[in-house]
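See structure below.
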Amino acid sequence: MLRTTLSTLRAHWSRLVAVAIAVVLAVAFVAATLMLNASFQQTLRNTLGSDLTNADVLVEPQPAGSNDAAHGDDGGDEAGAGGASAARLTVGQLHAVQHLPQVEAVGADQTASLALEHDGRSQPVSASVQLPTPLRPHALVTGAWVTGDGQMTMDAKGADQLGLHVGDQVRFASTGGSPVEVTLVGLTETSSSPGSGMAPQVALSETSLLAALMSTMPPVAASNPAATDDLLPMTSIRVQAKAGVSPDQARDAVAGAISSATPAAAGDTVRVRTTEQVVADQLKQFTGQTDVLTGMLLAFAVIALIVCVLVISNTFSVIVAQRTRELAMLRCLGASRGQVRGSVLLEALVMSVVASVLGVVVAALMMSGAVALSRSSGNSMLTELSVPVSSVVVGVLAGVVITLIAAWQPARSATRVAPLAALRPELATPTKTRAGRARVIVGLVLFVAGTALQWYGWTTAHRPVSEDAAEQQLLLGLGGGVLGSALSIVGVVLLAIVIVPPLVRVIGSLLALTGVPGQMATLNASRNPRRTAATASALLIGVTLVTTVFTGASVAKATLLTAVDEARPVDVKVFLTPPSREASTDQQWIDDRVQRLAAIDDVQSVGTVQGIVVGDSPSFVGQNAPTSAQLTQLEAVDPQTWQQVAKAPLPATSPDTVTVVDEALPDASVPGGEMSMTGPDGRTASLHLQHGMKNSYFGALVDEPTLDRVASEIGVPVTTTSIIMQLAPGLDAQAVQHVAEQIGTIMPDDYVSPAQLEKLMYEQIIDVLLSIVTGLLAIAVVIAVIGVTNTLSLSVIERVRENALLRALGLTKRQLRAMLGMESVLVSIVATTIGLVLGTAYGLLGVGILFGQTIGTGVEISWQLPWVQYLLFVVIAVLVGLLASVLPARRAARLSPVQGLASE
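Counting in this note's numbering, the sequence shown runs from 9 upward without gaps.
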């Protein structure tokens, strides 16, 4: 029997092509999901570690409020006693590490944010002291390293954006002292770490960086030594171990040196970790303590495997139906039922192993293409390909197991009928049988249980908890929602035998109006509930998955963009520095700037925000809420101007009141609910406190008459604190950046904040993730199309005599093809309709759970559904139905009535 089975495989391998394709796609789906997660993790691990290249150990101050319990499980050592405030690194600690025999090189990270001026433009940069040669993480592309004061290196990408070349002279923006000029002597590789930010990275000597920082301070503050001591603290210490010393050994030695150099009474806590531990901890922060992304993708993979089981089972039913005579002959020649069943399963095993290996290869090729596309487009989200052994093993095992499970029922069916009666068509299993009733009962139980779990997930995610417990609450809610959705969709698949046929009859009544082919198609699609339900189930699951993703992405995108609009209601904001604020008291000066900004292409409207500032603040910080009852700054804006420029309504104000962020200042901390503002000469103005701003776009907001009154009472002039702009809709990131550069040319001494880039970043992240997930789900839809095609082929084989009789009675080939096409389209539309309803519900549920802990924090969910995509899905369903009917209809029409009637 083994020899016969292998001979049959070699002779008739072509009839296994359809089921092999289904297995290949199924395994590719699972393996690609695992490879995508591993590749994303590897990409993130590499980018996070790119700024720590060449370092083995990192010494950092312990974050404020942390303790041993919170950080003792990362493998790092902590030196010193715990304290309530953040620790600070000292020169003594640095020297103690430098003298260790296990250490090759030591360097301190000292970084500051500055503005670089060149050709009339001002560009924010991240400036740092150049590290020692062995510890520099990014290689030199061209030029030389900094060797003295007045020199600077910059990352190549930042230099290209600013149009700078080696040898160019630039200067740092200053507000108090003389500007510091430096020469660009070298270009380095650009950091890919998310922590490096969007600003260009520059490195220079410590003396030059201190001078640049002091030039940004008011003259009085710059001359005060106490004010300059804290300008450039050490944020971390990098250590490179000597050859032969492991990172763990170096970490232990550094921790001991730090502990000995830290006074016990200082109360400072310093964290010492290997760079590998640092990257691992950062990776946890980005991906979550439990990898939510992996869980979600694997949930999709499990549901996709259900699709594959249905499709493979239907496909093997086609193959068994085609081999009815052959299997009956084997039974007549003495083969037992077990041998016949074993031969079918052996064919499934051999085919599944080959197809599973091909599926893993296809997945690897797909991921290679995705990584190459991401690299070529300059997107850093997916730049590394990782093919873990687990993805290969799990993919192959999944393919083999689901194939054997799916082939078991057809193999049993092949031995149920007696050999002499094996040519009769398989009878339908009505729902009134014991098996049919059990199927319906199990389906109802699973659907009800799934709905209950979904409700649990929703209520759990929306239950108010503390900030520390919010993540755990979200995971519980998400787990309940995903498990409940999986159970409910399985329940719907089991109930399809009673749901699909009635819908087919209802929708088919419209097709019946087209004539005989439409009437016959409706009858054929509804008379065999099991076959119709099996045909619809595979496509139903695929449509449900795609609809779930598109619905969730649409609502999530609308919610995030609405939140960004509320938090950053204007597209671009220019913060005026003290010299510009002083110059803005000249109305002609500010009117000239506004006119020039309005003349920039893609700038639709421009407005100004007025304000008053007291104290020595070097710049107006408009996004910081007050921290005490004593105000240091106030802002006001004309409501009509705000309406023209902003995307969100202006927070409500009233005379003689100041509006601050909700709960920024509890009433108990402000005696009598009053706030005051004191001028330089001691005069004070009082204001009533009210809350009403969800986001701190303004520090403290008043109406214009109140601003004028306070300014008059305390003797401080009203100045323009910022200029706000609205850009033309539909601009991409490059166009927004170009507008920001033109603004910087007009306002070289001020800080340009293009908030529109943040909105575009969210859109890009969601679109990229949607594209990846849609690409994976497209495989499930293709599998479903194969299922529809093969199930329709089974229907054609079962109805050979019936179709031949219809032909003999006058039905033309064209009408026969139309009948089969309408039957396929009818089932596809019914499956798509059910999938749209389920997918929309699941998508709304998922978004509601994910944003559950944001309710009440100023973020409101925007229930915006993708109606255009829904309509597109219906159109695709019609095309899928027509495509699936091509081969079966061609086969049915090619058979002559005489041959068909003689087949049984």
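Beta carbons are placed, not taken as given, at the ideal position from N, Cα and C, and that holds for glycine.
These figures come from a predicted structure and were not determined experimentally.
{"Check": "Cβ neighbours of Thr215 in the same chain (closer than 8 Å, five flanking residues each side left out)", "Outcome": "Asp157"}
{"Check": "Whole-number beta carbon distance between Ala211 and Ser136, since they are thought to touch under 8 Å", "Outcome": "5 Å"}
{"Check": "Closest by C-alpha distance to Leu895, when choosing among Ile869, Thr555, Ile794, Thr243", "Outcome": "Ile794"}
{"Check": "Contact set for Val833: own chain, Cβ-Cβ below 7 Å, skip 5 residues either direction", "Outcome": "Val886, Gly889, Leu890"}
{"Check": "Inter-residue Cα distance where the pair is Val629 and Ala693", "Outcome": "Below a pLDDT of 50, predicted positions are generally treated as unreliable, and Val629, at 39, falls in that range; the measurement from the model is reported next regardless. Roughly 21 Å between the two C-alpha positions."}
{"Check": "Whole-angstrom distance between Val402 and Thr283, CA atom to CA atom", "Outcome": "32 Å"}
{"Check": "The beta strand (DSSP E) enclosing Glu197, as first and last residue numbers", "Outcome": "Premise fails: Glu197 is in no beta strand (DSSP E) and is neither H nor E."}
{"Check": "Separation of Val621 from Val724, as counted between CA atoms", "Outcome": "8 Å"}
{"Check": "Integer-rounded CB distance, given that Gly619 should sit under 8 Å from Ala644", "Outcome": "7 Å"}
{"Check": "Enclosing beta strand (DSSP E) for Gly615 [first to last residue]", "Outcome": "611-621"}
{"Check": "Coarse secondary structure for Ser121, derived from DSSP in three states", "Outcome": "strand"}
{"Check": "Residues near Gly80 by beta carbon distance below 7 Å, same chain, minus five either side", "Outcome": "With a pLDDT of only 40 at Gly80, under 50, the local geometry of the prediction cannot be trusted, and the value read off the model is given with reservation. Counting only Cβ-Cβ distances below 7 Å, and skipping sequence neighbours, we find nothing."}
{"Check": "Proximal residues to Pro756 (C-beta, below 7 Å), its chain only, five neighbours per side dropped", "Outcome": "Glu125, Gly128, Arg129, Ser130"}
{"Check": "Residues that DSSP places opposite Pro132 in a beta bridge", "Outcome": "Ala123"}
{"Check": "Span separating the alpha-carbon of Ala104 from that of Ser267", "Outcome": "10 Å"}
{"Check": "Candidates Met827, Val789, Leu313, Leu24, of which the one nearest Arg807 by Cα", "Outcome": "Met827"}
{"Check": "CA-to-CA distance, Ala419 to Gly350, given in whole angstroms", "Outcome": "8 Å"}
{"Check": "Local Cβ density within 10 Å of Cys340, reported as buried at 16 or more and exposed below that", "Outcome": "exposed"}
{"Check": "Delimiting residues of the alpha helix (DSSP H) encompassing Ile732", "Outcome": "Not the alpha helix (DSSP H): Ile732 falls in the beta strand (DSSP E), residues 727-735."}
{"Check": "Cβ pair count under 8 Å reaching 3, the region 555-564 against the region 516-524", "Outcome": "no"}
{"Check": "Burial state of Leu879, where buried means 16 or more other Cβ atoms lie within 10 Å", "Outcome": "exposed"}
{"Check": "Collapsed DSSP secondary structure at Phe706 in the structure displayed", "Outcome": "coil"}
{"Check": "Alpha carbon of Ser893 to alpha carbon of Ala546, nearest angstrom", "Outcome": "16 Å"}
{"Check": "Simplified DSSP assignment, three categories, for Ile608", "Outcome": "coil"}
{"Check": "Strand pairing of Gly151, partner residues [DSSP]", "Outcome": "Gly194"}
{"Check": "Neighbour-count burial assignment, Ala113, 16 or more Cβ in a 10 Å radius", "Outcome": "buried"}
{"Check": "Runs of alpha helix (DSSP H) lying entirely within the region 448-528, each at least 4 residues, in chain order", "Outcome": "478-519"}
{"Check": "Thr649 versus Thr616: straight-line alpha-carbon distance, rounded", "Outcome": "8 Å"}
{"Check": "Cβ distance (whole Å) where Asn62 is taken to contact Leu143 below 8 Å", "Outcome": "5 Å"}
{"Check": "Proximity below 9 Å, CB of Thr559 to CB of Leu852", "Outcome": "yes"}
{"Check": "Endpoints, the beta strand (DSSP E) within which Thr714 is located", "Outcome": "Not the beta strand (DSSP E): Thr714 falls in the alpha helix (DSSP H), residues 712-722."}
{"Check": "Helix, strand or coil at Val668 according to DSSP, with G and I counted as helix", "Outcome": "strand"}
{"Check": "Opening and closing residue of the alpha helix (DSSP H) in which Lys165 lies", "Outcome": "164-170"}
{"Check": "Cα-Cα separation between Phe324 and Ile497, rounded to whole angstroms", "Outcome": "24 Å"}
{"Check": "C-beta contact flag for Ala249 and Val149 at 9 Å", "Outcome": "no"}
{"Check": "Buried or exposed by the 16-neighbour rule on C-beta atoms within 10 Å, applied to Gly752", "Outcome": "buried"}
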